[in-house]
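Shown next, in C-alpha cells, is the structure this report addresses.
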Amino acid sequence: MVKISMTVNGKNVEGEVSPRTLLVEFIREHLKLTGTHVGCDTSQCGACVIHVDGDSAKSCTMLAVQADGSNIITIEGLANGEEMHPMQAAFKENHGLQCGFCTPGMVMSAIDLANKNGDLTEELVREGLEGNICRCTGYHNIVKSVLDGANAMKAAE
Amino acid sequence: MYEFNYDKANSAADAASKLAASDDGKVLAGGQTLIPTMKQRLAAPEDVIDLASAGLSGIAVDGDIVVIGAMTTHATVASSSDVQSVIPALAELAGNIGDNQVRTRGTIGGSIANNDPAADYPAACMGLGATIITTKRGLSAEEFFTGLFETALDEDEIITAVKFPKVDSANYQKFPNPASRYALAGVFVAKTGSEVRVAVTGAGNDGVFRAHKLEEALAANFSADVVDISPMPEDSMIEDLHASAAYRKNLIGVMTKRAVQAC
Amino acid sequence: MSDTGIGAAVRRKEDFRFLTGQGNYTDDINRPNQTYGYIVRSPYAHATINSIDTSSVKEADGVVAVFTGEDMQVGSIPCGWGVNNKDGSPMNEPFHPALAQGKVRHVGDQVAIVIAETYAQAKDAAELLEVDYEELPASINMENAVNGGPAVHDDIPSNLCYDWELGDEAEVNAVFDNAHHITSLDIVNNRLVANPMEPRAAIGEYDTATGEYTLFTTSQNPHVIRLLMGAFVLQIPEHKLRVVAPDVGGGFGTKIYHYAEEAIVTWAAGQIKRPIKWTCERADAFVSDAHGRDNLTHCELALDADGKFIGLRVYTKANMGAYLSTFSTCVPTYLHSTLLAGVYTTPVIYSNVKAVFTNTVPVDAYRGAGRPEATYLLERLVDRAAREMGIPQDEIRRKNFIPTDAFPYQTPVALQYDSGDYFATLEGAQKMADVDGFAARKAEAASRGKLRGLGYSTYVEACGIAPSAVVGSLGARAGLFESANIRVHPTGSVTVYTGSHSHGQGHETTFAQLVSDTLGIPIENVDISHGDTNKVAFGMGTYGSRSLAVGGEAMMKALNKVVDKAKKIAAHVLEADAGDIEFADGKFAVTGTDKEMAFGDVALTAYVPHNFPHDELEPGLEEQAFYDPNNFTFPGGCHICEVEIDPETGVTEIVSMSAMDDVGRVINPMIVEGQIQGGLAQGIGQALLEGAVYDEDSGQLLNGSYMDYTMPRADDLPSFKVGTSETLCAHNSLGVKGCGEVGAIGSPPSVINAIVDALWDLGVTDISMPATPQKVWHAIQDAKMAQAAE
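Chains as they are written, first to last, in the numbering used here: chain A, 281 to 437; chain B, 120 to 382; chain C, 5 to 794.
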C-alpha cells in the first residue's frame with residue numbers, strides 16, 4: 281500500500297492505496313465523489329474526465345499514485361452551492377444532457393477546451409470533444425452548450 | 120489490473136538501474152497506453168517505475184536540431200513555439216495524436232518506446248530522420264523501430280530524448296481508424312534539398328516503414344502526380360476489420376499526395 | 005400558454021443534480037457490508053462444460069463465495085412474447101439459464117459468479133476458476149444455422165424459433181404475376197450494440213429480518229423485472245421483492261430486459277446474507293447486453309405502369325442469438341411486419357419471418373425495434389423503384405401516400421393509423437433541406453472532385469405501446485398499460501408516482517409540466533417519483549415511445565380524478581353544488597359568483613377535514629389511475645439527408661440532415677428536439693459507423709470495444725435541422741404520439757439513399773450498412789472495374 285495525498289476540489293485529502301488503484305477508483309470509492317463516472321475500459325469514452333493540475337485528464341487512465349501531490353478538480357468542485365459554473369449552466373440552458381452519465385466528463389472537457397482556446401467554433405468544439413462519447417444527445421445541443429458556456433466563461437472573467 | 124510494485128525514478132539513470140534490478144519491470148511515462156493495457160490484463164509487470172520525476176521533459180533548439188525530452192507531452196510539443204517554427208509538421212502531428220486528454224498526459228518517449236503500428240510519432244521519427252537518444256546510445260529511427268511493438272531498446276534501456284533535424288518542408292497526413300482514431304494509414308513526407316523521405320504508419324504488418332520507391336519517385340519529381348504512377352508497397356500490409364490491404368494501399372497513396380501538396 | 009405549461013421549453017428539473025455530479029446511478033450506491041461480484045463468462049461460442057473446479061477460487065484472498073450453475077438451480081429466464089408458427093403451433097422456446105447448465109451457447113454466456121470483499125479480489129480470484137470446456141462447432145451465421153448448422157439447443161435441431169407469416173402469400177403472388185414492374189432488393193439490417201454510456205449494474209440484497217429481497221438495477225422497467233425475476237426465475241413473491249431502478253444512464257431498449265446478472269446477485273445475496281454489487285465492464289457489456297437488429301431480408305415491391313405500389317412481399321431471417329431475450333420474438337414480427345405498409349396505400353402485403361437461433365449474444369429491441377428495419381427495407385425499395393422507373397423521389401412518394409383525408413386508415417397489415425399528414429412533413433423537410441438548391445451544390449462539389457447525393461425517407465411508426473387487448477391477442481404475455489398516482493400534499497405541493505421510467509427522457513420536467521398546467525400550480529411544487537417498486541403501485545416502464553402517450557395519459561386520468569375530488573371539497577366549503585364548481589388557473593369557483601378557493605386551500609382542507617360529511621366525502625387528496633390505450637400512436641415524417649463523398653478515400657460526410665417529424669402535440673419542444681437529435685445520431689450511427697462483427701468460425705465478437713466498434717463522436721455528425729409538424733393523436737386526451745424513436749427509425753434509409761444517389765452515376769446501385777469509408781471505396785472501385793470491363 282502507498283500513502284498519497286492530493287488536493288481535491290480545494291480540500292486536502294489523504295489515502296492509502298494499492299498501486300493498482302486507478303485515480304477514478306480513488307475518487308469514487310475512497311473519496312465517495314461519485315459524479316466522476318466510468319463508461320468504458322479502453323480509455324475512449326471520457327465519462328471519467330477530471331482536471332489534474334489544470335489539464336483535463338481521463339481519471340481511468342491514471343494511477344492514483346501518479347496523482348500524489350496533484351491539484352484535482354472533479355465535477356463536484358465546480359458549482360458554488362446552488363450557483364452552477366457558467367459551463368454547467370450552459371448545458372442546462374441548451375439541453376446539453378439527457379441521461380446525465382457522460383455529462384460530468386463532458387463538462388470537465390468543455391471547460392478545459394474553453395480555457396485553452398480563444399475563440400471556439402463549432403468545428404473546434406466537435407474536434408475538441410473527440411475524447412468524450414455521448415449516446416443520448418447526438419452532440420447537437422452539447423456543441424451549442426459548449427459554445428455558449430465558453431462565451432459565458434469569457435464574460436465572467 | 121494485476122498487483123504490482125510502484126516506484127519513482129529521480130533520473131533516467133535511476134530508472135535504468137531500477138529496471139535492471141527488476142525481473143519484469145516497465146517504465147511508466149504518460150501511461151496512456153500502458154495503463155489501458157494493464158487494465159485489460161494484457162500486461163502484468165511486476166514493477167512499474169514512474170518517470171514523472173526523472174527530469175526528462177522539455178524542448179530545446181540546438182541550431183537546426185529540435186531536442187525533445189522523452190517525457191514531453193504531446194500537448195507541449197503541439198503548442199511549443201520552437202517546434203512550430205522549426206518543424207511545424209511535427210507540432211501539427213503531435214496536436215492530432217489521440218484526444219485532448221491523451222495529449223496532456225501522453226509522451227513522445229512513451230509513444231516511441233511502445234511502437235504501436237498505428238501510432239503517429241514513429242512516422243515522424245522515420246520521416247524526419249530523427250535520432251533516438253537513450254541512456255546508452257543514440258539510434259537512428261531505422262535502427263530503433265524493429266517491428267510490431269518491437270524496438271531496439273535493451274531491457275534496461277530508457278529513451279531520454281529525441282532529436283529531430285530541421286527539414287525544408289514536411290507534412291503528415293493521417294487517415295484515422297473510425298473507431299479508435301489511431302492511424303489506419305498515416306504518411307509523413309519530408310523534403311530536404313533533393314532528399315525525400317516518406318514514412319508510413321498504421322498500414323504495415325511490421326510497423327512503421329519507409330516507402331522507398333515513392334521516395335525515389337518524389338525525389339525525381341516532387342509532385343502529387345507521380346504518386347499515382349509510383350508503385351505502392353505491396354506486401355506486408357495490415358488487413359483487418361477496418362481496412363483491407365487494398366484499401367490501406369490506396370490510403371497510403373492518397374495521404375502521400377495530400378502530404379506532398381501540403382509540403 | 006404559461007411559461008411552464010404544455011408547449012413551453014421548460015429547462016429540465018433533473019439537470020442540476022446531473023450537472024453537479026449528484027446523480028444517483030446504480031454503481032454510485034453502496035450498501036452496508038457490501039461484497040462485489042464478478043461474473044465469469046464463456047470464452048467459447050459453444051461448448052460443453054465437463055466440470056468446474058472452484059476450490060482454488062474459494063481459497064483466494066477476500067473471496068466470500070463462488071456459485072456455478074450447479075449451485076443455482078432456478079427457473080428459466082422468461083420470454084415475454086409467444087409467437088406462433090404459420091401452422092399455428094407455438095414457437096420453440098429453449099430453457100434460458102441464469103448460470104450455464106452444462107453448456108455454454110455464446111461468448112459471454114454466464115458461467116459462475118465469484119464474490120469477494122473487493123472487486124479486484126473477485127476478479128483476481130475468478131482467474132483461478134477451472135472450467136473444463138469441450139468446444140463444440142458453432143452456428144454463427146444465420147444462413148448456416150438454418151441450413152444444417154450445429155444445433156444451438158439440442159432439442160431444436162432446425163435452429164428455428166418460429167416460421168411466422170402475415171398476409172396471404174398466394175394473393176400477393178398473384179398481384180406480382182401481373183405487375184408492370186417489380187423492384188427487388190436484398191437487405192442486411194446490421195447488428196448493433198446499444199451502448200448506453202452507463203454500463204449495466206446490479207446490487208442484490210437480502211434482509212434477514214423481513215425476508216425481503218432488494219435489487220438495485222439499471223432498468224427501464226423495474227416492475228417488469230420484479231415480475232419476471234420474482235415470479236418466473238427465483239419464485240420470490242412481489243411483497244418480498246423490491247426492485248429499484250435509480251438514475252439510469254441511457255437505455256435505448258437494452259435495459260428493458262431481465263438479465264441473468266440481476267437474478268444471480270439477488271439469489272446469491274440470499275445465500276450469503278450480504279449485499280452484492282456487480283458492475284459490468286464495457287468489454288463484458290459487448291458480449292452480454294442484448295444486441296439489436298440483425299435481419300437478412302429479401303423484399304420485392306410490385307408497381308403498376310403509373311408507379312403506384314400494388315403489392316409488397318418480404319422474407320426475413322431474424323437473428324435471436326442463443327436465447328430468447330424478453331421481447332426478442334415480437335420485434336421482427338409484430339413490431340416489424342405490421343409496419344410494412346409504411347406511409348403508402350400498398351393494398352396487399354405478405355411478410356414471412358424466420359427467427360433463428362445462433363451462438364451469439366441474444367438480440368432484442370434497440371431504439372425503434374422492428375420499425376427501423378421495416379422502414380429501412382421499404383424506403384430502400386421505394387428509392388430503387390423510383391430510379392428504375394425514372395420517377396422523381398418525392399413524386400413516387402406523393403403518388404403513393406395515404407391521403408390526408410383517409411384517416412383513420414386501415415392498412416393491410418393489421419394496424420389502423422389514426423392521423424397523419426405525410427404531404428406536410430415531406431414538404432416541410434424539402435424546404436429545410438433546400439432541395440431546390442441541391443443541383444447547384446452537387447455541381448459545386450463536383451468541381452472539387454466530391455460526389456454529392458440526396459436521400460429521402462418518408463416513414464410512419466407505431467408506438468405508444470400498446471393496447472393490452474391487441475398485444476394480448478398477438479401473444480404478449482403482459483398488458484401494456486401504465487399507472488400513475490397523484491399525491492396532493494396538505495400544503496398543495498404534489499408528488500406524482502409514475503410507472504414510466506426516465507433514463508434521459510426528461511420525465512421529471514415534461515410530466516411536471518402536465519401537472520402544473522392541469523392543476524395551475526407552480527412547476528417547482530411538483531416532483532415526479534419513479535423507479536422504485538415500493539413507491540410506485542405498478543408500471544410497465546419506458547420503451548416504444550410510450551411514456552407520454554401511455555404514462556402521461558395515466559397521469560392525466562389521475563389528475564382528472566384529483567380535480568373531481570377537489571371540486572367536491574370546494575363545493576362543500578363554498579356551500580355549493582359540485583356541479584357548479586369550475587376549475588381554472590388553479591382556482592375553484594362557484595359558477596356565476598365571486599366565491600372561489602385556491603388549489604392550495606382545497607388541498608389543506610382535504611387533510612384538515614374538520615366538518616367533512618364523512619359518508620359523502622373522504623379526507624385526503626390522492627388518486628390512482630391505470631390507463632390502457634385504445635390504439636398505438638403513429639408518428640411519421642420525412643428525413644432528408646445530403647451527403648458528400650470523397651471518392652479517393654470513400655469517406656461520407658453528412659453535410660445536412662433535415663428531419664420534419666409529426667410527433668403529435670409537443671409538450672416540451674426543447675426535450676422533443678433533443679430526443680429527435682439523439683435518435684438521428686443513432687440512425688446515422690447505424691447507417692455509417694456501427695455494426696457488430698462476429699468471427700464466423702470462432703464466434704468471437706471482433707469489435708467488442710470502443711477501439712473497434714465505432715461509436716458516433718461529435719466530429720462524425722453535423723448539426724441537425726429538426727422541425728415538427730403536428731397532427732394530433734385522435735385517441736388520447738393530450739393528442740401526443742411519441743418522439744423517442746422517430747430519429748432512429750426514419751434516418752438510416754435517408755443516409756443510404758443519399759449515398760446511392762451520389763454514386764449511382766458511377767454504377768453503384770446498392771451499399772449495405774454501415775457504409776464505412778472502406779466499403780464505399782471498394783464499391784466505387786468495383787463499379788469502375790465493371791464499367792471498364794464493358
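Where is the CB? At the ideal position from N, CA and C, for every residue including glycine.
Bridge-paired residues (DSSP) for residue i
| i | result |
| --- | --- |
| histidine 505 of chain C | DSSP, once it has assigned bridges, lists no residue as partnering histidine 505 of chain C. |
| glycine 459 of chain C | C/Cys645 |
| lysine 358 of chain C | C/Asp167, C/Lys321 |
| threonine 728 of chain C | C/Asp665 |
| valine 176 of chain C | Per DSSP, none; premise fails for valine 176 of chain C. |
| glycine 295 of chain A | A/Ile284 |
| asparagine 489 of chain C | C/Tyr501, C/Gln628 |
Contacts of residue i in chain A (Cβ-Cβ under 7 Å)
| i | result |
| --- | --- |
| alanine 338 of chain B | Residues of chain A passing the Cβ test: none, with the nearest at roughly 34 Å. |
| glycine 177 of chain B | Going along chain A, no residue has its Cβ under 7 Å from glycine 177 of chain B, so there is no contact; the nearest lies around 17 Å. |
| proline 155 of chain B | Thr322, Ser323, Thr341 |
Neighbouring residues, chain B, relative to residue i (Cβ below 7 Å)
| i | result |
| --- | --- |
| aspartate 321 of chain A | Lys158, Gln159 |
| methionine 711 of chain C | Ala298, Ser299 |
| valine 697 of chain C | Leu360 |
Test: residue i CB closer than 8 Å to a CB of chain B
| i | result |
| --- | --- |
| lysine 283 of chain A | no |
| leucine 706 of chain C | yes |
| valine 329 of chain A | yes |
Amino acids of chain C, ordered along the chain, whose beta-carbon sits closer than 9 Å to that of residue i
| i | result |
| --- | --- |
| glutamine 368 of chain A | Asp19, Phe20, Leu23, Thr24 |
Interface residues of chain B facing residue i [CB-CB closer than 8 Å]
| i | result |
| --- | --- |
| methionine 386 of chain A | Within 8 Å Cβ-Cβ: nothing; methionine 386 of chain A doesn't reach chain B, min ~12 Å. |
| serine 239 of chain A | Lying before the first or after the last residue shown, residue 239 of chain A is absent from chain A, which here runs from 281 to 437. |
| tryptophan 781 of chain C | Tyr366, Asn369 |
Amino acids of chain A, ordered along the chain, whose beta-carbon sits closer than 8 Å to that of residue i
| i | result |
| --- | --- |
| phenylalanine 123 of chain B | Pro299, Arg300 |
| alanine 171 of chain B | Gln346 |
9 Å Cβ cut-off: residues of chain A touching residue i
| i | result |
| --- | --- |
| methionine 773 of chain C | Residues of chain A passing the Cβ test: none, with the nearest at roughly 18 Å. |
| glycine 150 of chain B | Thr341, Met342, Leu343, Gln346 |
| methionine 356 of chain B | Correct list: empty, because the minimum Cβ distance to chain A is about 25 Å. |
Within chain C, the residues that residue i reaches when beta carbons sit closer than 8 Å
| i | result |
| --- | --- |
| lysine 372 of chain A | Arg15, Arg16, Asp19, Phe20, Leu23 |
| glutamate 410 of chain A | Arg717, Ala718, Asp719 |
CB contact check: residue i to chain A, cutoff 8 Å
| i | result |
| --- | --- |
| histidine 184 of chain C | no |
| methionine 190 of chain B | no |
Cross-chain neighbours of residue i in chain B, by beta carbon under 9 Å
| i | result |
| --- | --- |
| leucine 393 of chain A | Asn219 |
Chain C contact for residue i (CB, 8 Å cutoff)
| i | result |
| --- | --- |
| leucine 427 of chain A | no |
In chain order, which alpha helix (DSSP H) runs of at least 4 residues are fully inside the region 278 to 345 of chain B? 331 to 339
Entirely within the region 238 to 267 of chain C and at least 3 residues each: give me those beta strand (DSSP E) ranges in chain order. 245 to 248
Note down, one range per segment and in chain order, each alpha helix (DSSP H) of at least 4 residues found wholly within the region 84 to 149 of chain C. 123 to 130, 146 to 149
Which ranges does the alpha helix (DSSP H) cover as unbroken runs of at least 4 residues, wholly within the region 617 to 699 of chain C, from first to last along the chain? 673 to 688
Should the region 320 to 332 of chain B be regarded as contacting the region 15 to 34 of chain C, the criterion being three or more beta carbon pairs within less than 8 Å? no
Should the region 289 to 307 of chain B be called in touch with the region 361 to 378 of chain B, which here means at least 3 C-beta pairs below 8 Å? yes
Continuous beta strand (DSSP E) assignments of at least 3 residues falling wholly in the region 185 to 226 of chain C: 185 to 197, 205 to 211, 216 to 221
Completely contained beta strand (DSSP E) runs for the region 324 to 411 of chain C, where each covers 3 or more residues: 353 to 361
What alpha helix (DSSP H) runs, 4 residues minimum, are completely inside the region 244 to 283 of chain B? 260 to 263
Are there three or more Cβ pairs, one per stretch, closer than 8 Å when the region 90 to 110 of chain C is compared with the region 353 to 371 of chain C? yes
In chain order, what are the residue ranges of uninterrupted beta strand (DSSP E) at least 3 long that sit wholly in the region 123 to 194 of chain B? 124 to 127, 144 to 147, 166 to 169, 178 to 181, 184 to 188
Measuring CB atoms only, is the region 397 to 410 of chain A touching the region 366 to 381 of chain A, in the sense that at least three cross pairs come out at less than 8 Å? no
Is the number of C-beta pairs between the region 164 to 182 of chain B and the region 129 to 146 of chain B that are closer than 8 Å three or more? yes
Which runs of the alpha helix (DSSP H) fall wholly inside the region 413 to 439 of chain C and span at least 4 residues, in chain order? 426 to 436
Taking contact to mean at least 3 C-beta pairs separated by less than 8 Å, is the region 49 to 62 of chain C in contact with the region 220 to 240 of chain C? no
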